[in-house]
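Colleague: Residue 367 in the working numbering sits at position 366 of the sequence shown, and the numbers go up by one each step.
Glycine residues also receive a C-beta, built at the ideal position from the N, C-alpha and C atoms.
Note that the structure is a prediction, hence the values are computed from the model and not measured.
Quick one: the structure is below, and I'll ask about it shortly.
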Amino acid sequence: MVDGERGGRAKAGVEARSDETRPGSARGARRRGGASGRVAVRLGRGESYSIGVGAGLLEDLGRSAREAVGAGARRVALVSNARVFRLYGERAARGLGGAGFEVARWAVGDGERFKTLKTAEALLRFLASSGFERTDAVVALGGGVVGDLAGFAAAAYLRGVAFVQAPTTLLAQIDSSVGGKTGVNLPEGKNLVGAFHQPRAVVADTSTLSTLPARELTAGWCEALKHGAVGDRRLFERTCAFLRRGAGGGGHDPEERADELARLVAAQCAFKARVVAGDEREDVGRHDARSRKILNFGHTVGHALEAVTGYRRFRHGEAVGHGMLAAAVLSKNLGLLAADELEYLREGVRLAGRLPPASDLDPAEILRATRADKKAAGGRLRWVLLERVGGARITDESEVPARTVLASLRSALGAG
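Structure follows, in structure tokens:
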């Protein structure tokens, strides 16, 4: 789908502007077209970028992109999938065109199975055949697959061009759009090819979440719970409280609910950004509780579940939901996690929504698939486990007997 519409390391840190995240500000943002929350991500080497969160921000995508990539950019490649293009493509292209960009659209298939080197090559050849230059930019409009793929192409094309994230799913808004991890899958495993390539800006329009299928919301809420589980108990409690109120049905002012959602998404982004700022490239030598590796909680088993089912049964966040439960059961079986803390995590995942069944899958096959996990180092896998909800622990596989892993998988997934 293509058209030619006009259209040295400093201290790392994160800054959240409290004046824009106060109660009621999202309602004003809808009237003004501004952000209800803004998280400034300050990385090493003096680099920084902004995450804007709020309803209606797609209307301002062009201005945000122009501010982020500079006056020298003439063109942007707007990368999305067919469904998101139908919903939001015209709005995004119109805003980008209004900011003086020539807009060329490119569509990827919908689903994790399209996040491949073959698809990345097609996108790279599109950029080359369209004459994109070093001063031009790539804009990802969509979920995690779109963002990972478009970001990888932006990192690889001409050794790196500017990249803007416009995430439209909950999972992408709170997780995959933040932190600069980009990549594609191989048959041997997920995200085995990629690059760290930080976006110049993230524009998270929370009104796009109203069009998501229930399963996409479940996937996103699982990732939200992961953030709280590994490092911020209050964020976990806040997320559970939001989900309980939603499950309770009527009596909630829709605008107040939208305000609360925007503030919660901003808080999730701020948590992810703090972790990233302290360990931008996931230092292989770090295994402390502030390492970026803690964000991989649930992902070792989650990625294995996706791989053994050909990326067709689970959304990524759903697989992570199962993976978190498996890692938590493993934590309990190793004597790290109390039974009531395990139940608290289970309650949170239940609130997130129903997960696709996994009881028919072979735990031994899942365990074998974890060996392809990109987080292995020195020939050994490191498990992200829990000591409590809000406290993660990175554990070498030498301390985790395979028979205990198998028993934990059977218990958590209801297998055998």
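If distances are taken between C-alpha atoms only, which option among Phe197, Leu338, Gly354 comes closest to Arg394?
Modeller: Translated into the one-based positions of the sequence shown, residue 394 becomes position 393. Out of Phe197, Leu338, Gly354, Leu338 has the C-alpha closest to the C-alpha of Arg394.
Colleague: Distance, Cα to Cα, Arg76 vs Ala129?
Modeller: Numbered from 1 along the sequence shown, position 75 holds the residue referred to as residue 76. Numbered from 1 along the sequence shown, position 128 holds the residue referred to as residue 129. If you take the alpha carbons of Arg76 and Ala129, they lie about 13 angstroms apart.
Colleague: Just curious, the beta strand (DSSP E) that Ile367 is in, first and last residue?
Modeller: In the sequence shown, counting from the first residue as 1, residue 367 sits at position 366. It is not in any beta strand (DSSP E) - Ile367 instead sits in the alpha helix (DSSP H) that spans 364–371.
Colleague: Whole angstroms is fine: what's the gap from Glu307's alpha carbon to Gly392's?
Modeller: Counted from its first residue, the sequence shown places residue 307 at position 306. Counted from its first residue, the sequence shown places residue 392 at position 391. The alpha-carbon atoms of Glu307 and Gly392 are separated by roughly 26 angstroms.
Colleague: Please report the residue range of the beta strand (DSSP E) in which Thr183 lies.
Modeller: Here the question's residue 183 lines up with position 182 in the sequence shown. Taken as a continuous stretch (DSSP letters only), the beta strand (DSSP E) holding Thr183 covers 182–187.
Colleague: Ordered along the chain, which non-local residues of its own chain (more than five positions away) have a Cβ less than 8 angstroms from that of Lys273?
Modeller: Position 272 of the sequence shown, counting from 1, holds the residue named residue 273. Closer than 8 angstroms at the Cβ level, and outside the excluded window around Lys273, lie Ile175, Asp176, Val179, Gly180, His228, Leu296.
Colleague: Could you please give me the residues that DSSP links to Ile52 through a beta bridge?
Modeller: As a working mapping, residue 52 is identified with position 51 in the sequence shown. Note: Ile52 sits in a beta bridge opposite Val40, Val203.
Colleague: When we look at the beta-carbon of Glu261 and count the other beta-carbons within 10 Å, is it buried (16 or more) or exposed?
Modeller: The residue given as residue 261 occupies position 260 in the sequence shown. Glu261 should be labelled buried.
Colleague: Report the rounded CA-to-CA distance for Gly354 versus Arg216, giving the unit in angstroms.
Modeller: Here residue 354 refers to the residue found at position 353 when the sequence shown is read from its first residue. Here residue 216 refers to the residue found at position 215 when the sequence shown is read from its first residue. If I take the Cα positions, the gap works out to 8 angstroms.
Colleague: With a Cβ-Cβ cutoff of 8 angstroms, do Ala267 and Val406 count as a contact?
Modeller: Numbered from 1 along the sequence shown, position 266 holds the residue referred to as residue 267. Numbered from 1 along the sequence shown, position 405 holds the residue referred to as residue 406. No.
Colleague: Report the three-state DSSP secondary structure of Pro357 (helix, strand or coil).
Modeller: To locate residue 357, count along the sequence shown from 1; it is residue 356. Three-state result, Pro357: coil.
Colleague: Give me, in chain order, the residues of the same chain whose beta-carbon lies closer than 6 angstroms to that of Val70; leave out the 5 immediate sequence neighbours on both sides.
Modeller: Within the sequence shown, residue 70 is the residue found at index 69, counting from 1. Same-chain partners within the cutoff: Ala138, Ala163, Arg201.
Colleague: Between the stretch 223–239 and the stretch 350–364, can you find at least three pairs of beta-carbon atoms closer than 8 angstroms?
Modeller: Enough Cβ pairs lie closer than 8 angstroms, so yes.
Colleague: Starting from Arg46, trace the beta strand (DSSP E) both ways and give me its first and last residue.
Modeller: Position 45 of the sequence shown, counted from the first residue, corresponds to residue 46. No beta strand (DSSP E) contains Arg46, which DSSP labels as neither H nor E.
Colleague: Hey, out of Val401, Val54, Ala108, whose CA is closest to Val85's CA?
Modeller: Translated into the one-based positions of the sequence shown, residue 85 becomes position 84. It is Ala108 whose Cα lies nearest to the Cα of Val85.
Colleague: Helix, strand or coil for Pro168? Go by DSSP, reduced to three states.
Modeller: Numbered from its first residue, the sequence shown carries residue 168 at position 167. If DSSP states are grouped into helix, strand and coil, Pro168 belongs with the strands.
Colleague: Quick check: the Cα distance between Leu326 and Tyr50, rounded to an integer number of angstroms?
Modeller: Position 325 of the sequence shown, counting from 1, holds the residue named residue 326. Position 49 of the sequence shown, counting from 1, holds the residue named residue 50. Their backbone Cα atoms lie some 34 angstroms apart in a straight line.
Colleague: Looking only at its chain, what residues have a beta carbon closer than 8 angstroms to the beta carbon of Ala155, apart from the 5 residues adjacent to it on each side?
Modeller: Taking the first residue of the sequence shown as 1, we reach residue 155 at position 154. Excluding positions up to five away in sequence, the list reads Ala138, Val139, Gly161, Val162, Ala163, Phe164, Thr183, His198.
Colleague: Please determine, among Val401, Val309, Gly73, the residue with the shortest C-alpha to C-alpha distance to Phe133.
Modeller: Counted from its first residue, the sequence shown places residue 133 at position 132. The shortest Cα separation from Phe133 among Val401, Val309, Gly73 belongs to Gly73.
Colleague: Taking the alpha-carbon positions, what's the Ala305 to Tyr158 distance?
Modeller: For the purposes of this step, residue 305 is taken as residue 304 along the sequence shown, with counting starting at 1. For the purposes of this step, residue 158 is taken as residue 157 along the sequence shown, with counting starting at 1. Distance between the alpha carbons of Ala305 and Tyr158 is about 30 angstroms.
Colleague: In chain order, what residues of the same chain have a beta carbon less than 8 angstroms from the beta carbon of Gly415, not counting five sequence neighbours either side?
Modeller: Within the sequence shown, the letter at position 414 stands for residue 415. Correct list, in chain order: Pro358, Ala359, Ser360.
Colleague: Can you have a look at Ser399 and say buried or exposed, based on whether 16 or more other CB atoms are within 10 angstroms of its CB?
Modeller: The residue you call residue 399 lines up with position 398 of the sequence shown. The residue in question, Ser399, is exposed, as its Cβ has fewer than 16 Cβ neighbours within 10 Å.
Colleague: Report the three-state DSSP secondary structure of Lys191 (helix, strand or coil).
Modeller: As a working mapping, residue 191 is identified with position 190 in the sequence shown. Reduced to three states, the DSSP call for Lys191 is strand.
Colleague: By Cβ distance below 6 angstroms, which residues in the same chain neighbour Leu125 in space, the five residues on each side in sequence not counted?
Modeller: The residue given as residue 125 occupies position 124 in the sequence shown. Around Leu125: Ala154, Tyr158.
Colleague: According to DSSP, is Arg282 helix, strand or coil?
Modeller: Within the sequence shown, the letter at position 281 stands for residue 282. Arg282 falls in the coil class under three-state DSSP.
Colleague: Taking all protein chains shown into account, decide if Gly221 is buried (16 or more other Cβ within 10 angstroms of its Cβ) or exposed.
Modeller: Sequence index remark: in the sequence shown, residue 221 carries index 220 (1-based). Flag for Gly221 reads buried.
Colleague: Where does the unbroken beta strand (DSSP E) through Arg389 begin, and where does it stop?
Modeller: Walking along the sequence shown from the start, residue 389 turns up at place 388. Element bounds for Arg389: 383–389.
Colleague: In the DSSP assignment, what residue or residues form a beta bridge with Trp107?
Modeller: Taking the sequence shown and counting its residues from 1, the one referred to as residue 107 is at position 106. Answer is Val80, bridged to Trp107.
Colleague: On a CA-only basis, which of Thr219, Val185, Leu368 is nearest Val147? Give me that one, please.
Modeller: Numbered from 1 along the sequence shown, position 146 holds the residue referred to as residue 147. Measuring from the Cα of Val147, the nearest candidate turns out to be Val185.
Colleague: Please report the distance separating the alpha-carbon of Asp397 from that of Ala83.
Modeller: As a working note, residue 397 is residue 396 in the sequence shown. As a working note, residue 83 is residue 82 in the sequence shown. Rounded to the nearest angstrom, the two C-alpha atoms are 42 angstroms apart.
Colleague: By DSSP's criteria, Leu142 is part of a beta bridge. Which residues make up the other side?
Modeller: Residue 142 sits at position 141 when you count from the first residue of the sequence shown. According to DSSP, which records beta bridges pairwise, Leu142 is partnered with Ala167.
Colleague: Taking just the CA atoms, how far does Glu283 sit from Leu210?
Modeller: Here residue 210 refers to the residue found at position 209 of the sequence shown. Here residue 283 refers to the residue found at position 282 of the sequence shown. Distance between the alpha carbons of Leu210 and Glu283 is about 29 angstroms.
Colleague: Using the Cα positions of Ile367 and Val309, report the straight-line distance between them to the nearest angstrom.
Modeller: On the sequence shown, position 366 is the one that residue 367 refers to. On the sequence shown, position 308 is the one that residue 309 refers to. So the alpha carbons of these two residues sit roughly 7 angstroms apart.
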